[in-house]
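Those sequence lines, one after another, are chains R and F. Under our numbering, the final residue of the first sequence carries the number 233; numbering is consecutive throughout. Under our numbering, the final residue of the second sequence carries the number 501; numbering is consecutive throughout.
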Amino acid sequence: MTYSIIWWVISMETLIKNFRIEMKRGIMTLLVLHHLRKETYGYLLLQDLSAYDIPIEAGTLYPLLRRLESQGLLDSDWDTSESRARKYYCLNEKGWHVYEQLVNEWCEIESNIGKILKEDNK
Amino acid sequence: MIKRYLHELGLYLPNENKEDILKEVQANIYDMLGDDESDENLERVLCTLGNPRILAQEYYSKKRYLIGPYYYDIYIKFLKYSVFIAGSIFAVIKMFENILQGDYSGNNSKNLAVIFSGVITSFIDGMWYYVIMVTIIFIILEHKNYNLTYDEGARHKYSFKKDDQWTPKQLRPIKTQQKYSFRQTSVVADILFTGIMTTLFLTFYNYLGWYEKDGIVIELFNPNRFKIYSIFIVLFGLYYIGIKVMIWKSKYPNYLNSAIISVYKILSFGFFRVIIFDPKLITPEFKNKVVSVLSITSTQLENYFKIGANILCIIIFILMVINIVKLFYKSYINSQQIDKLKVN
């Protein structure tokens, strides 16, 4: 009875959903950092990512930018020169360092996973 | 609709950078709208951003996983306002159970200690059971994707719907009122309760006392002394009812109603202090009974009583000062809010 209740609460569907969210969140941070090597603002970044067929929800991207900024990886500045004010974000020194580390990590993970999957498919 | 969206988003955002986030979200909304500012496009854009409560949760660095963003705030508020009531209900049930089942023919102080500890334990247990039950209910609601939605046109404006699709129609209207308001829900109940309790107290005060098995009662209050105070009790009751009516009519704290409430609090504190330290209010027979039950001397009883009454008065005084300061602070914030509205 207890096990069936636990199974009911933590269903397979929820588990997969959570895994997917966690996996996407990690990759998304790397992609966003990659695009922020150049100064850009939220909506433009959203469009850039969509152009690469990387769907990210606006409601996820904008807060992510804020979180990266609060973690000290980004510098930001309000541009009020045009009729509509926009907040521009860009990698700072710490952000560049983290980005380069993550790229190295990603390449290593990709290579290792590729090897494992190839071996299993033989 | 943008204003309503930003207003609702602002309700759930962290205070420290709320203004900046709202400014940025507004800029993003206009960017996403482009040149097409039609209602349909605006609705599409807001749907893309999603439920403001969920969006606001994304801005918090710490995630809350067990109870999701749809429910977290409601869950916390629900617990905050009702957990003590649940604990009190358990405590009262335990108290009655002890009184009905216990043997008090000996009239010793141990029995009182047993009842007291049982009541405290039940109070804490009751709160725990309640927290666990409410948490389980909210986890089930979360798991089953029931969302608390607002529909302006519906008979019941707030309802639980099993619907993952949020739409801007669920945005709540912006309240143009001052920031702080009086709680209106219990005004009628408070007035009725005060009226009934004051009447009952003044009519049946002589029933308060020590009851023995054979029905002999030792009265708690000295009737001659109590009659002097009864007129003040009536006046305070009327003053309190007047305050409640004033709260009901004025709705928001301002300097005038805060001053009236503060005067009531100070006067009633003074009155309470006079009553509690009046040596002639409690009958000597009752005091003797307490002395014999607790197996202490009358001097000890007086000393304990003085210490207890002084501690109680200090606590009440501190709470009163805090309440008065809070009341005037709210009045100040509200007056600032009114000035802002006038400027806008």
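Virtual Cβ for every residue (Gly too), placed ideally from N, Cα, C.
For Leu202(R), the uninterrupted beta strand (DSSP E) segment begins and ends at 197 to 202.
Rounded to the nearest whole angstrom, the CA to CA distance from Ile348(F) to Ile231(F) is 29 Å. When the five nearest sequence neighbours on each side are left out, the beta carbons in the same chain lying within less than 7 Å of the beta carbon of Leu236(F) are those of Val288, Val291, in order along the chain.
In this structure, the alpha-carbon of Glu204(R) lies about 35 Å from that of Ile227(R). Interface annotation, Tyr187(F): in contact with chain R, CB-CB separation under 9 Å. For Thr125(R), the secondary structure class from DSSP, reduced to helix, strand or coil, is helix. Cys218(R) and Lys128(R) have their C-alpha atoms some 25 Å from each other. Between Lys446(F) and the set Asp192(F), Ile242(F), Ile375(F), Arg382(F), the nearest pair of CA atoms involves Ile375(F). Beta-bridge annotation (DSSP): Gly394(F) is not paired with any residue. Per DSSP, the unbroken beta strand (DSSP E) holding Asp190(R) starts and ends at 185 to 190.
Residue ranges of uninterrupted beta strand (DSSP E) with 3 or more members, entirely inside the region 344 to 391 of chain F and ordered along the chain, are 366 to 368, 374 to 376. Beta bridge pairing from DSSP links Tyr152(R) with Tyr199(R). When 7 Å is used as the limit between beta carbons, Lys198(R) is near these residues of chain F: Glu181, Ala184, in chain order. Segment contact: the region 208 to 224 of chain R against the region 133 to 150 of chain R, three or more CB-CB distances shorter than 8 Å; contact assigned.
Rounded to whole angstroms, the Cβ separation of Arg197(R) and Asp186(R) is 15 Å, and the two are not in contact under 8 Å. Residue range 159 to 169 is occupied by the alpha helix (DSSP H) that includes Gly167(F). The region 190 to 210 of chain F makes contact with the region 163 to 171 of chain F: 3 or more CB pairs, one atom from each, lie closer than 8 Å.
Interface criterion met: the Cβ of Tyr216(F) is under 9 Å from a Cβ in chain R. In the three-state scheme derived from DSSP, where H, G and I count as helix and E and B as strand, Ile439(F) is classed as strand.
Here the C-alpha atom of Arg177(R) lies approximately 7 Å from the C-alpha atom of Tyr216(F). In the structure shown, Leu147(R) falls within a coil segment according to DSSP collapsed to helix, strand and coil. Contact between Phe247(F) and Asp196(F) does not hold, since their C-beta atoms are separated by about 52 Å, which reaches or exceeds 8 Å. In terms of beta-carbon proximity, Asn174(F) lines the interface with chain R, with at least one pair separated by less than 9 Å.
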